[in-house]
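Participant: All the letters of the sequence shown, read from the start, carry residue numbers 111 to 526 under my numbering.
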Amino acid sequence: MLVFGKIMLVYYIAWNVFFNYSLNENQDRAALEFTPACDSPDIYRKGCRIMKKIRLGVVGLGHRGRAMFRIAAQNFDSVEPVAMCDIEEKFWVERQTFPGNESASMKEDFPSAKFYTDYDTMLKEAGLDAILVETPANKHADFCMKGLEHNLAVLSDVPFAASVDEANRLWDAAKKSKGMFMAGANPNEMGFVEALVDLYRKGYLGKISYLEAEYIHDCRSLWEVTPWRARGSVPIKYCTHSLGPLLRILEEDLRTVSCHSTGSWICPENPAHNDLMTATFSTESHVVFRLTTSFINNAHIGPHTYRVFGTEGYFERFSGRGKLAPVTFFSSNKLYGAKTLTELPIDTARPEFGSKAGIGHGGADYALLNRFLQAIEGKCEPISLREGLRMTIPGIYAAESAKRGGELLKIVYPWE
Ligand SMILES: NC(=O)c1ccc[n+]([C@@H]2O[C@H](COP(=O)([O-])OP(=O)(O)OC[C@H]3O[C@@H](n4cnc5c(N)ncnc54)[C@H](O)[C@@H]3O)[C@@H](O)[C@H]2O)c1
Numbered sequence: 111m112l113v114f115g116k117i118m119l120v121y122y123i124a125w126n127v128f129f130n131y132s133l134n135e136n137q138d139r140a141a142l143e144f145t146p147a148c149d150s151p152d153i154y155r156k157g158c159r160i161m162k163k164i165r166l167g168v169v170g171l172g173h174r175g176r177a178m179f180r181i182a183a184q185n186f187d188s189v190e191p192v193a194m195c196d197i198e199e200k201f202w203v204e205r206q207t208f209p210g211n212e213s214a215s216m217k218e219d220f221p222s223a224k225f226y227t228d229y230d231t232m233l234k235e236a237g238l239d240a241i242l243v244e245t246p247a248n249k250h251a252d253f254c255m256k257g258l259e260h261n262l263a264v265l266s267d268v269p270f271a272a273s274v275d276e277a278n279r280l281w282d283a284a285k286k287s288k289g290m291f292m293a294g295a296n297p298n299e300m301g302f303v304e305a306l307v308d309l310y311r312k313g314y315l316g317k318i319s320y321l322e323a324e325y326i327h328d329c330r331s332l333w334e335v336t337p338w339r340a341r342g343s344v345p346i347k348y349c350t351h352s353l354g355p356l357l358r359i360l361e362e363d364l365r366t367v368s369c370h371s372t373g374s375w376i377c378p379e380n381p382a383h384n385d386l387m388t389a390t391f392s393t394e395s396h397v398v399f400r401l402t403t404s405f406i407n408n409a410h411i412g413p414h415t416y417r418v419f420g421t422e423g424y425f426e427r428f429s430g431r432g433k434l435a436p437v438t439f440f441s442s443n444k445l446y447g448a449k450t451l452t453e454l455p456i457d458t459a460r461p462e463f464g465s466k467a468g469i470g471h472g473g474a475d476y477a478l479l480n481r482f483l484q485a486i487e488g489k490c491e492p493i494s495l496r497e498g499l500r501m502t503i504p505g506i507y508a509a510e511s512a513k514r515g516g517e518l519l520k521i522v523y524p525w526e
């Protein structure tokens with residue numbers, strides 16, 4: 111009887127193992143057999159799951175919001191353009207006439223998308239999966255927080271907070287949300303920045319001791335179409351384009367800052383303007399980072415310059431100057447033949463994106479949206495809120511330091 115019992119037990123275990131194996135195999139096969147349905151235009155694959163298209167909305171239909179929504183909807187099969195929101199209906203119905211950029215209205219281009227003047231209503235009614243936040247530069251965080259409360263995937267344009275309090279609240283909102291925040295740091299995705307990161311990771315630059323960035327862009331021609339730019343320029347707060355790419359190779363956060371402003375020389379009628387601001391940041395291990403920003407100037411250069419000094423090498427990206435095109439150089443003691451300054455054959459575009467590589471800010475916008483959409487599908491990591499805030503918060507402290515005549519301030523982040 112005991113022997114019979116043992117035989118039955120072995121038989122039972124063997125049958126179960128076989129049965130479960132067959133079941134799993136059949137389930138896998140069923141999933142595979144369903145694969146051809148993925149060719150349907152309405153669905154795309156998320157890992158092994160079949161997902162509907164990403165229902166995309168945008169808040170803020172200024173030049174930037176319209177451009178980003180168009181790039182997303184017209185270049186990525188996974189996107190379904192569903193809804194748009196602006197307090198001004200004209201940006202939906204009127205043709206776009208931004209200098210150098212003429213096109214049909216958003217209403218004509220996206221007839222099936224619904225337009226809202228109220229963001230809360232759009233969030234409640236439109237059934238979105240993802241939202242682009244393209245409101246004025248000092249008004250992003252509240253829109254992002256609401257998107258996160260609805261558990262959406264949120265792509266925020268730069269900068270990601272206008273004050274330390276906003277940064278803390280955004281940090282808390284992201285922790286509570288089941289959605290995803292991605293920092294819309296488009297320069298981080300540029301081709302020459304990828305090259306810099308690659309050189310650094312391969313050890314060609316050694317340890318980094320000093321970094322420098324400049325963002326010089328006379329924005330006065332934009333004052334009429336974007337009045338928030340005309341109210342009082344504090345360019346050091348618009349620092350993500352400059353800090354973001356270089357912080358990719360700096361493992362420490364920026365810890366202290368002292369900043370000075372020229373004040374308003376060129377438009378003295380508005381003392382709220384700071385023509386040019388320059389900040390010196392330092393990390394705990396005394397890596398120094400100098401940043402100069404100016405949105406009111408007569409320089410006709412720019413906009414972006416970056417320099418990196420390492421123990422084994424050097425990297426620089428110079429913006430255009432008059433007829434001189436932008437150029438990227440590096441040198442390294444660690445690479446045979448590269449001890450002298452050597453030009454790198456890379457610009458802003460990412461060659462791997464082929465015919466789409468140049469779309470939007472020399473390809474940075476396409477690369478950014480590609481990353482956002484891939485991150486929603488779980489295929490890569492988003493540019494995280496932490497990365498976004500470590501390139502935003504130093505500028506907020508820098509502006510405060512400038513107000514206090516260059517006082518050295520300690521920078522504190524929400525994760526501390
Ligand atoms: N990453 C980049 O390369 C890049 C380039 C240009 C601009 N930007 C950023 O993009 C953002 C938008 O810039 P822009 O030039 O299009 O400015 P803009 O002023 O033309 O656009 C902002 C839009 O937001 C709308 N808006 C304001 N409050 C709103 C509300 N409560 N609800 C709905 N809509 C509201 C305004 O009516 C306006 O149409 C800014 O933050 C700017 O800094 C980023």
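Note that CB positions come from ideal geometry on N, CA and C, so glycine has one too. Given the structure is predicted, the values throughout are model-derived calculations rather than measurements.
Entirely within the segment 343–424 and at least 3 residues each: give me those beta strand (DSSP E) ranges in chain order.
Facilitator: DSSP runs (the beta strand (DSSP E)) wholly in the segment 343–424: 366–371, 386–392, 398–404 and 414–420.
Participant: Considering only heavy atoms of ligand 1, does any lie closer than 7 Å to the CB of Y416?
Facilitator: For the purposes of this step, residue 416 is taken as the residue at position 306 of the sequence shown. Outside the cutoff, so no.
Participant: Go ahead and label L499 buried or exposed: buried means 16 or more other beta carbons lie within 10 angstroms of its beta carbon, across all protein chains shown.
Facilitator: Looking up residue 499 in the sequence shown gives position 389. L499 should be labelled buried.
Participant: So who's on the other strand from R431, going by DSSP bridges?
Facilitator: For this step, residue 431 is matched to residue 321 along the sequence shown. Note: R431 sits in a beta bridge opposite I411 and L434.
Participant: Go ahead and label V203 buried or exposed: buried means 16 or more other beta carbons lie within 10 angstroms of its beta carbon, across all protein chains shown.
Facilitator: In the sequence shown, the residue the question calls residue 203 occupies position 93. Exposed, since its Cβ has fewer than 16 Cβ neighbours within 10 Å.
Participant: Taking the alpha carbon of T402 as the reference point, which residue from S395, K449 and A509 has its own alpha carbon closest?
Facilitator: Translated into positions along the sequence shown, residue 402 becomes position 292. The residue with the shortest Cα to Cα distance from T402 is A509.
Participant: Looking at the secondary structure, which residues open and close the beta strand (DSSP E) in which I318 lies?
Facilitator: As a working mapping, residue 318 is identified with position 208 in the sequence shown. That run of the beta strand (DSSP E) goes I318 to I326.
Participant: For L306, name the three-state secondary structure that DSSP assigns.
Facilitator: Locating residue 306 in the sequence shown gives position 196, where the first residue counts as 1. DSSP places L306 in helix when its eight states are reduced to three.
Participant: Just verifying my parser: in three-state terms, what is the DSSP assignment at I164?
Facilitator: The count along the sequence shown starts at 1 and reaches residue 164 at position 54. In this structure, I164 counts as strand in the three-state DSSP scheme.
Participant: Using a Cβ-Cβ cut-off of 8 Å (strictly less than) and excluding sequence neighbours within five positions of Y348, which residues of its own chain qualify?
Facilitator: Against the sequence shown, residue 348 aligns to sequence position 238. Hits under 8 Å: A247, V268, P269, Y325, T403, F405 and G505.
Participant: For G301, does the count of other Cβ atoms within 10 angstroms reach 16, so buried, or fall short, so exposed?
Facilitator: Taking the first residue of the sequence shown as position 1, residue 301 is located at position 191. That one is buried.
Participant: Would you mind stating whether E394 and E362 have Cβ atoms separated by less than 8 Å?
Facilitator: By 1-based counting over the sequence shown, the position of residue 394 is 284. By 1-based counting over the sequence shown, the position of residue 362 is 252. Yes; because the gap between Cβ atoms is below 8 Å, this pair is in contact.
Participant: Tell me the DSSP bridge mates of Y226?
Facilitator: Counting from one through the sequence shown, the residue named residue 226 turns up at place 116. C195, per the DSSP bridge assignment.
Participant: In terms of DSSP beta bridges, what is Q206 paired with?
Facilitator: What you label residue 206 is simply residue 96 of the sequence shown in a count that begins at 1. In the DSSP output, where bridge partners are listed per residue, Q206 has S213.
Participant: Kindly indicate which three-state DSSP category F186 falls into: helix, strand or coil?
Facilitator: Residue mapping note: residue 186 aligns to position 76 of the sequence shown, counting from 1. Looking at F186 - three-state DSSP - the assignment turns out to be coil, as it is neither helix nor strand.
Participant: Any chance the segment 381–395 sits against the segment 351–367, with 3 or more Cβ pairs inside 8 Å?
Facilitator: Touching, yes.
Participant: Ignore the nearest five residues each way along the sequence and tell me which others in A236's own chain have a CB closer than 7 Å to its CB.
Facilitator: Sequence index remark: in the sequence shown, residue 236 carries index 126 (1-based). Counting only Cβ-Cβ distances below 7 Å, and skipping sequence neighbours, we find G167, V192, A193 and K224.
Participant: Does the count of Cβ pairs from the segment 247–258 and the segment 279–286 closer than 8 Å reach three?
Facilitator: Verdict: yes, contact present.
Participant: Taking the beta carbon of S442 as the centre, do at least 16 other beta carbons fall within 10 Å, making it buried, or is it exposed?
Facilitator: As a position in the sequence shown, residue 442 is number 332, starting the count at 1. So S442 counts as buried.
Participant: For ligand 1, is there any heavy atom lying closer than 7 Å to the beta carbon of A293?
Facilitator: The count along the sequence shown starts at 1 and reaches residue 293 at position 183. No, since every heavy atom of ligand 1 falls outside the 7 Å radius drawn around the Cβ of A293.
Participant: Taking Cβ to Cβ, would you say L64 is nearer than 8 Å to G488?
Facilitator: Examination of residue 64 is not possible in this model, given that the chain is present from 111 through 526 alone.
Participant: Counting pairs of Cβ atoms below 8 Å between the segment 304–321 and the segment 511–524, do you hit three or more?
Facilitator: In short, these stretches do not touch, since the Cβ pair count stays below three.
Participant: Is the closest heavy atom of ligand 1 to the C-beta of K347 under 7 Å?
Facilitator: Translated into positions along the sequence shown, residue 347 becomes position 237. Checking the Cβ of K347 against ligand 1 gives no.
Participant: Using only alpha-carbon positions, find the residue among E422, G412 and R339 that is nearest to K433.
Facilitator: Counted from its first residue, the sequence shown places residue 433 at position 323. The candidate whose alpha carbon is nearest that of K433 is G412.
Participant: Mapping DSSP to helix, strand and coil, what is A295?
Facilitator: Within the sequence shown, residue 295 is the residue found at index 185, counting from 1. A295 falls in the coil class under three-state DSSP.
Participant: Output needed for L265: all residues of its chain with C-beta closer than 6 Å, excluding positions within five of it in sequence on either side, in chain order.
Facilitator: Stepping through the sequence shown from its first residue, residue 265 is reached at position 155. Cβ within range, chain order: L242, M292, G294 and F482.
Participant: Give me, in chain order, the residues of the same chain whose beta-carbon lies closer than 7 Å to that of L171; leave out the 5 immediate sequence neighbours on both sides.
Facilitator: As a working mapping, residue 171 is identified with position 61 in the sequence shown. M194, D196, F201, W202 and M216.
Participant: Which residue or residues does DSSP assign as beta-bridge partners of T452?
Facilitator: For the purposes of this step, residue 452 is taken as the residue at position 342 of the sequence shown. Bridge partners of T452: F440.
Participant: So does E198 have its beta carbon nearer than 7 Å to some heavy atom of ligand 1?
Facilitator: Against the sequence shown, residue 198 aligns to sequence position 88. For ligand 1, at least one heavy atom lies less than 7 Å from the Cβ of E198.
Participant: How about A277 and I486: do their beta carbons lie closer than 8 Å?
Facilitator: As a working note, residue 277 is residue 167 in the sequence shown. As a working note, residue 486 is residue 376 in the sequence shown. No, the Cβ-Cβ distance between A277 and I486 is not below 8 Å.
Participant: Counting C-beta neighbours from all protein chains within 10 Å, is the total for R514 16 or more, i.e. buried, or is it exposed?
Facilitator: As a position in the sequence shown, residue 514 is number 404, starting the count at 1. Classification of R514: exposed, given that the 10 Å Cβ count is below 16.
Participant: So, using beta-carbon positions, are H414 and M387 closer together than 8 Å?
Facilitator: Residue 414 sits at position 304 when you count from the first residue of the sequence shown. Residue 387 sits at position 277 when you count from the first residue of the sequence shown. No. Outside cutoff.
Participant: A247 lies in the beta strand (DSSP E); which residues open and close that run?
Facilitator: By one-based count along the sequence shown, residue 247 stands at place 137. Premise fails: A247 is in no beta strand (DSSP E) and is neither H nor E.
Participant: Identify which residue in L479, L353 and N298 has its Cα closest to the Cα of D457.
Facilitator: As a position in the sequence shown, residue 457 is number 347, starting the count at 1. That would be N298, whose Cα lies nearest to the Cα of D457.
Participant: Can you check DSSP and say which residues form a bridge with K520?
Facilitator: To locate residue 520, count along the sequence shown from 1; it is residue 410. Paired residues: T366.
Participant: Which class does L262 belong to by DSSP, given the choice of helix, strand or coil?
Facilitator: Translated into the one-based positions of the sequence shown, residue 262 becomes position 152. L262: coil per DSSP, three-state reduction.
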